[in-house]
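To convert a position in the sequence shown, counted from 1, into this note's numbering, add 27.
Here is the structure we will look at.
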Amino acid sequence: MNTDKENSLLNNKIVYDITKFTHLDYPNHLACVIWFKGCNMRCDYCYNKDIVFAKDANFSLHDVLDFLKQRVNLLDGVVLSGGEATDYDLVELCKEIKQLGFKIKLDTNGTNFKNIQLLCKSKLIDFIALDYKAPAYKHKEITKSNKFNVFSITLQYLIESSIDFEVRTTVHADLLNEEDINYIIKDLKSRGYTKKYYLQKFLDTQNNIGDITSASNSFDDSLLLDDIEVVWR
Ligand code: SF4
28 MNTDKENSLL NNKIVYDITK FTHLDYPNHL ACVIWFKGCN MRCDYCYNKD IVFAKDANFS
88 LHDVLDFLKQ RVNLLDGVVL SGGEATDYDL VELCKEIKQL GFKIKLDTNG TNFKNIQLLC
148 KSKLIDFIAL DYKAPAYKHK EITKSNKFNV FSITLQYLIE SSIDFEVRTT VHADLLNEED
208 INYIIKDLKS RGYTKKYYLQ KFLDTQNNIG DITSASNSFD DSLLLDDIEV VWR
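Take a look at the structure:
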């Protein structure tokens, strides 16, 4: 039975939307996506503008759990995304999701280290996709936040942990060039990251936070270092 505090957390309307089915967002899983409202960054290329700036949300965590109860045996994974899901205390939600038998993937910008650490230590997360937004010298310019240091702590923690995770970067060639990506590659290598490093192309949705369009600069893959395996999505 949940305590009053746990119930009030679960009653909060903090979920902007639910994607009921996806086979793209959680590798090798049939999953749904829970989109948490709000974010502590303002990345120029972000196409989830409506979610980031949403004042109100449509679903409580109880609503999410009611939905998931109807998806037992139909889905096997739940993706926690946003916005920035770790702006919220996700422990009780994740416990309930695990009890229903789902695996949990977390998409995060890595800036709420304590929440992420708690979820990992409590063995409530099965997979993390961590955004490495930009090298330290461009992180503020691209995210409009001052959070590289805490991101860096999260990255190091995950590298040293046994958590299954991946690092990924969105590339808009006017914002990040080959030198910037090489800087990230060298940083990952020096920290002991041995997994694949994913690059994803900027999606020109014409509804992004910075009102930016396709890059005018080109991006030459052949200039990238091969210190770690780089994979485009
Ligand atoms: S792309 Fe940036 S602004 Fe958009 S949800 Fe992710 S961290 Fe937040």
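Note that CB positions come from ideal geometry on N, CA and C, so glycine has one too.
Checking the DSSP bridge columns, you'll see E119 has no partner listed. Sequence-distant Cβ neighbours of Y159 in its own chain, meaning closer than 6 Å and more than five residues away, are V194, T196 and I211. Closest in alpha carbon position to E168, among D207, F80 and D134, is D207. D44: member of the beta strand (DSSP E) spanning K40 to T49, first to last residue.
For Q144, there is no enclosing beta strand (DSSP E); the enclosing alpha helix (DSSP H) covers residues F140 to K148. The alpha-carbon separation between T113 and Y225 amounts to approximately 21 Å. In terms of side-chain proximity, the C-beta atom of E168 is found no nearer than 7 Å to any non-hydrogen atom of the ligand SF4. L101 sits exposed, since fewer than 16 C-beta atoms from the chains shown fall within 10 Å of its C-beta.
Per the C-alpha coordinates, the member of G128, L95 and K122 positioned closest to K47 is L95. For the pair T135 and Q144, the Cα-to-Cα distance works out to about 12 Å. Residue range F175 to E187 is occupied by the alpha helix (DSSP H) that includes F178. G237 has its CB no nearer than 7 Å to any heavy atom of the ligand SF4. S249 is bridged by DSSP to nothing; it lacks a bridge partner. Per DSSP, the beta-bridge partners of L157 are T135 and V194.
Residue pairing by DSSP puts G109 in a beta bridge opposite F63. Take W62, set aside five residues on each side of it, and the residues of its chain with a beta-carbon closer than 8 Å to its own are V42, Y43, D44, I45, T46, N75, I78, S108, G109 and G110, in chain order.
In the DSSP assignment, K216 falls within the unbroken alpha helix (DSSP H) covering E205 to R218. I152 and D214 have their alpha carbons spaced roughly 25 Å apart. Spanning the alpha carbons of N55 and V106 requires a straight line of approximately 13 Å.
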